[in-house]
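Beneath this line is the structure, given in structure tokens, with notes to follow.
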Amino acid sequence: MKKHRHSRESGNLVSLTSLLWIPAFAGMTMICLGLGLHAESKFPRTIDAGGGRKLTLERPPRRIVSLTISVDEILSSLVDKSRVQAVSHLAIEPTLSNVIPWAREIPRKISQDIEQIIACDPDIVFLLQNTRFEIVQALLQAHVPVVQIDIQNSIQDVKNDILKIGKALGEEDKAKKLIEEMDKKLFAIAEKIKTVKKRPRVMTYHFIGSTAGKERTANEMITLGGGINIPAEEGIVGSVKISEEKIIEWNPEALLLSGYSPHRETFPDEVRANPALQTVSAVKNNKVYVIPGKYFMTSSQYLVDGVEAVARVLHPELFSNE
Amino acid sequence: MNRNLEKNFIVILFLLVALGFILVAATALGSVSIPFKNTFWIILDKIPFLSFDGSWPKTQELIITQVRLPRVIVAMIVGGALALSGAVMQGLFRNPMADPGIIGATSGGALGAVASIYLGWASTYFYALPLSAFIGSLLATFFVYVIATEHGKTPVDLLLLSGIAVGGLAVSLTSFILSLALHNWEIARQIIFWTMGGLEGRSWPHVKMAAPIILPACFFIFFYARDLNMMLFGEESAQGLGVNVVWTRRILLVLTALVIGVSVSVSGAIGFVGLVIPHMMRMVMGPDHKILLPASFLAGACFLPLADLVCRTLIRPEELRLGVVTAFVGGPFFIYLLIKRKREVTGI
């Protein structure tokens, strides 16, 4: 009895939905034709603005301001430069930025200066989750639409941020495509690394004397680039200061240094010549590598290039025929 | 006497006019250039019952009303509060070296703030940092007072020493937290910034936080000017003249701790204002607290927005720290005062 009624109801439902199909199709076609842009039709939309806030956007933002280089780099692939009012100063820093020519054409390069931000008359401002609270608060007070981006500690974090930014700007399709491109490159590298028989045990060594453990992008770069990250293996999480003794004890086969070392340009040479480190096999076998800062420090889609850069120094033989 | 009164009146009037001028001037200048004329009208437009045709760009109005104006007002309130409490402390302790930091409130507040930054509270809840600083300030002052009190009496020299001890302890704990935080660059940077004092990003919530406590407390303090005058002659004479020394001191300590606690919570630790401004005013106006206290408040309120202006504009796009600027101006001035006094004493 019960079953019977259920089927009748669903029968009604089917006929009802089939009736609705026609106007629904017609309506959607009209909307698409009328607006021309399918992305526009999905506004207004409410997005997660970070810090427990929601932000409602009436239309796709056209005066975008970004205060952090990772977002600058992501923006360069998602939107036309005419929509960007300002990017961070670091976007034109030669040792850090992957988008210098693009960033040069953006009207303004700014820092965390509230006045400068407001003067851009932005309809969306991207900044990092760890930006000082007073600054975020002051911008919100001035009714500036602020979106806080999570700090990216992994490739997955970067992908999430790309999707989040794409959603905020009405450029989901481009965001998805960008992620597909990342995956394609990562897959190609993984195919090469698969053939590696022995993964070298390595570590990063930053000019402030720190190394990267788990939950750091550098850790993923090493793992996907065909190495074993010693600090992660030792259970270290995040960036920690490391003593020379520990480096001697761990005896890494290669040391990975960042090419970005402001005011310490001589750091790689210092490491190579450091008397304390002469027994370390990385130093002994001349395997202290400098990875360009723009690949090693980035938290955008260019992280994939970081993986490749690490793979190239750890396994040059895989890339010899390119 | 009459001429003296006239002079005092003129100085106070001058300070009031200067305050108004600084309000507009400090608001007109910043990293984005806005015409002086527009600033003037935008500020007038914000005064209730006044309204003008807004022919200025909306972004300018936002920068003036939401960024600069609250910051300048916070600077005025904090500057006034620091200078006033400095004057009170110097009177209370009968010691020219006394400043608001002497009862441990500044370093205690800094410790509270730094702890809240380190533990991550500061980035999750807006009031977490000011509240921790405020609690730190009051706790430190409370300890100083309890340590110095014996059988219901609180001798000034003991108070001074326990203030130094508790302050030193708070400073070392602050350094300890900083050294724990050093590997996390962003956190360490915030802590260092905070300990150097500054008004970057201060907006209306900060005004609303500071004004309702600081202004009434300062107003109450003015009523103790007569008692402070009498205590200058020594506590026993003051007692003889009908001043309840124990309670006056207690009330003044609580009020200044409150004022300093709130100041530290909105601006970080800012040195030298509370030391130098009262001395400067004493040189101009004499030692009568009835004039000295309001004059110190006004002079402090004039000085800090100017110092903050230097921070905002000198080395763009970076900002100088406010505590650095006040010490940079205050230090040499204090040395000048010392040399001058030395000459007066030795008669050279």
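For the record, the sequence lines run as chains A and B. Under numbering that gives the first Met the number 0, the first sequence has 300 at position 301, and the numbering climbs by one with no breaks. Under numbering that gives the first Met the number 0, the second sequence has 15 at position 16, and the numbering climbs by one with no breaks. Glycine included, every Cβ here is placed at the ideal spot set by N, Cα and C.
Check	Outcome
Buried versus exposed call for W184 (chain B) [16 or more other C-beta atoms within 10 Å across all chains shown]	exposed
Residue-level contact to chain A via CB, H150 (chain B), 8 angstroms cutoff	no
Chain B contact for F295 (chain A) (CB, 8 angstroms cutoff)	no
According to DSSP, residues forming a beta bridge with G49 (chain A)	A:R52
Where the alpha helix (DSSP H) through K349 (chain B) begins and ends	The structure shown does not extend to residue 349 (chain B), since chain B is modelled only from 0 through 347, so no value can be given for it.
Distance between P211 (chain B) and P129 (chain B) (C-alpha atoms, nearest Å)	14 angstroms
Opening and closing residue of the alpha helix (DSSP H) in which K166 (chain A) lies	I154 to L168
Proximal chain A residues relative to V87 (chain B), where beta-carbon distance stays under 9 angstroms	Under the 9 angstroms cutoff, chain A gives no residues; its nearest Cβ is about 29 angstroms from V87 (chain B).
Cβ neighbour criterion (16 or more within 10 Å) applied to V145 (chain B)	exposed
Pair within 8 angstroms by beta-carbon distance, M296 (chain A) and P251 (chain A)	no
Proximal residues of chain A, C-beta to C-beta of T58 (chain B) below 7 angstroms	I117, A118 and D120
Beta-carbon gap between I213 (chain B) and S136 (chain B) smaller than 8 angstroms	no
Reduced DSSP secondary structure (H/G/I, E/B, other) of Q238 (chain B)	helix
Residues bridged to Y288 (chain A) (per DSSP)	A:L255
F340 (chain B) versus A109 (chain B): straight-line alpha-carbon distance, rounded	Residue 340 (chain B) is actually Arg in this sequence, not Phe. Answer to the nearest angstrom: the Cα atoms are 33 angstroms apart.
Extent of the continuous alpha helix (DSSP H) to which L254 (chain B) belongs	V244 to S266
Cβ shell of D71 (chain A) (< 7 angstroms), same chain only, five flanking positions each side left out	S65, V86, S87, A90, V98 and A102
Inter-stretch contact at 8 angstroms, needing at least 3 Cβ pairs: the region 263–275 of chain A / the region 187–200 of chain A	no
Alpha-carbon to alpha-carbon, R58 (chain A) and G35 (chain A)	With a pLDDT of only 45 at G35 (chain A), under 50, the local geometry of the prediction cannot be trusted, and no value is derived from it.
Assigned exposure category for E255 (chain B) - 16 Cβ within 10 Å defines buried	For clarity, residue 255 (chain B) is Thr in the given sequence; the question names Glu instead. Under this definition T255 (chain B) is a buried residue.
Listed by chain order, chain A residues near G200 (chain B) by CB distance under 9 angstroms	Q111, I113, R131, F132, E133, I134, V135, Q136, A137 and L138
Nearest neighbour of I11 (chain B), chosen from B:C217, B:L231, B:V258 and B:P293 [CA to CA]	B:P293
Per-residue DSSP class, three states only, for T173 (chain B)	helix
Proximal chain B residues relative to K240 (chain A), where beta-carbon distance stays under 9 angstroms	L181 and H182
Three-state secondary structure assigned by DSSP to T38 (chain B)	helix
The region 145–158 of chain B touching the region 280–292 of chain B, judged by at least three CB pairs closer than 8 angstroms	no
Interface positions of the region 195–223 of chain A facing chain B (Cβ-Cβ less than 7 angstroms), listed along the chain	S209
Cβ-Cβ separation, I102 (chain B) to T140 (chain B) (assumed contact under 8 angstroms), whole Å	5 angstroms
Beta carbon proximity, W120 (chain B) to chain A, threshold 8 angstroms	no
Paired residues, beta bridge with T203 (chain A) - DSSP	A:L255
Cβ-based contacts, 9 angstroms cut-off: residues of the region 90–101 of chain A near chain B	none
C-beta neighbour in chain B for A141 (chain A), strict 8 angstroms	yes
Where F125 (chain A) falls: helix, strand or coil (DSSP)	strand
CB-CB length for A114 (chain B) against I163 (chain B), believed under 8 angstroms	No, A114 (chain B) and I163 (chain B) are not in contact; Cβ-Cβ is about 21 angstroms, not under 8 angstroms.
Cutoff 8 angstroms: W203 (chain B) Cβ touching any chain A Cβ	yes
Beta-carbon contacts of S76 (chain A) that lie in its chain and below 8 angstroms, excluding the five residues immediately before and after	K173, L177 and Q300
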